[in-house]
Amino acid sequence: MGKIGKPQKKRHHKVRNPLEVAAAKERWKEQRMKKPKKPNEEQEIPRSIRDVMQFMESTNGGQSLPKKHRRKRKGSKLLDSQKLQWEEEPWQRGMNKPLKPIPIYKQMKGESNHKFLNRIHKTTKVILNQAHFETKYNVDIYADPQTGLVSVKKGKRNPQEEIEAEIQTLAKEEPKILKFIEDRKGTRGNEKKQKQQKDFSASGEPQNGARGQKRKLRCQELKGRKKRKKLQKELESHAEFQCDPVEFGEVAPAPPSLPVLPRKAQLNDSRPGKRGLLLKSLFEGAAEKKSKKVGQPSLAKQRILEDERLRVMAAYQDLKLRRKFGKTENL
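So the sequence shown is numbered by full-length UniProt numbering: it starts at 1 and just counts up by one.
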């Protein structure tokens, strides 16, 4: 078997009959010479001449220059919150103050979408905290858009809100008032139903006029007065636990004393050491014996006690000497 090599093209093969190749070339030349030549009218025009002719036609023989076609600029892709603005909404039920204008945010040149949205997120966070601060402390915050100065004004409160705030301050001073308020909340279901029935007329339509609003305000004021009176009575009953204001530099020579006790007050039962405990009756006899003073003994008894004291002292000294000499002898 012969070697298997790389397949070669026709030109690499050896010409076995050169006469056939020469005859083929001559035949190709004869066929080429026999073809008829194209006339001058049908010859192709060079491209350079065609460009010149096209230019002359576009300029009307060189009288006017061609107009430059400007590219239409695409609309800016920068984000803008002004497109999302809406008209001011009318006053709705429950609104105490008008809505604040929404700030406009525009994306700066070179600012990425992520940075722009992050900037909006931070500013909205500040606005939400500001609104929470206003509702908590009942104030209105205004910022001047030109100078940037911030001013704070005290807001208006409804009479019901003032009463609730006063109750909360009193409840902090006296914790028992909180229990009274919580117990009171459980019995408010029937009162609300009765109030709803009064607000509706006989025809079934609600009374939303000026008379209905005045009636509501009067009811709120009366309820507030009743609550204040109840709280004052409870505080008076617990007058013992009230604190006295102490001014700077004031000196107290003695602990405070109550000259007039409040009604139904039993101070001995509430203070430590003076309570009526069960085991206290067992120690009454021992306490009486200890409280009695011991009288002065007679002369004979005094003499006996003195002799006994001297005898004990001599025995103690003798014992110490024996121990001392006993150690030295052992050494």
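In this text, a Cβ means the ideal position worked out from N, Cα and C, and glycines have one as well.
Because the structure is a prediction, the values reported are computed rather than measured.
Coarse secondary structure for residue i, derived from DSSP in three states
i	result
VAL139	strand
ASP244	coil
residue 333	Nothing can be reported for residue 333, as the shown portion of the chain is limited to 1 through 331.
MET35	In the sequence under discussion, the amino acid at residue 35 is Lys, which differs from the Met named in the question. The answer is coil: DSSP assigns LYS35 none of H, G, I, E or B.
LEU261	coil
GLY224	helix
residue 365	The shown model of the chain, from 1 to 331, leaves out residue 365, and the question about it has no answer.
THR59	coil
GLN92	coil
GLU250	coil
GLY326	helix
SER298	coil
LEU217	helix
LEU321	helix
LEU279	helix
PRO18	helix
VAL312	helix
ASP307	helix
SER203	Residue confidence is low: SER203 scores 45 on pLDDT, short of 50, so the model does not pin down where it sits. Its coordinate-derived value is still stated next. Residue state, collapsed to three classes: coil.
According to DSSP, residues forming a beta bridge with residue i
i	result
ASP80	LYS106
Nearest neighbour of residue i, chosen from the options [CA to CA]
i	options	result
ILE102	VAL260, ASN113, TYR142 and GLU20	TYR142
GLN82	LYS97, LYS106 and GLN92	LYS106
VAL260	GLU236, SER151, SER281 and ALA252	GLU236
SER151	ALA171, GLN130 and LEU170	GLN130
ARG128	ALA314, LYS100 and GLU30	Inspection of the sequence shows that residue 128 is occupied by Leu rather than by Arg. Of the listed residues, the one whose Cα sits closest to LEU128 is LYS100.
residue 353	LEU170, ARG218 and LEU279	Since the displayed the chain opens at 1 and closes at 331, residue 353 lies outside it and no answer follows.
THR135	GLY110, GLY224 and MET95	MET95
GLN168	HIS121, ARG228 and GLY148	ARG228
GLU166	GLY224, HIS121 and GLU30	GLY224
Presumed contact (8 angstroms Cβ cut-off) between residue i and residue j, rounded CB distance
i	j	result
ASP140	LYS97	7 angstroms
ASN118	LEU79	The pair is not a contact, with the Cβ atoms about 12 angstroms apart (cut-off 8 angstroms).
ASN138	LYS154	7 angstroms
PRO256	ASP244	7 angstroms
Minimum Cβ-Cβ distance from residue i to chain B less than 7 angstroms
i	result
ARG27	No chain B is present in this structure, which holds just one protein chain.
Within the stretch 95-155, ranges of the beta strand (DSSP E) (whole runs, at least 3 residues):
DSSP runs (the beta strand (DSSP E)) wholly in the stretch 95-155: 139-143 and 150-154.
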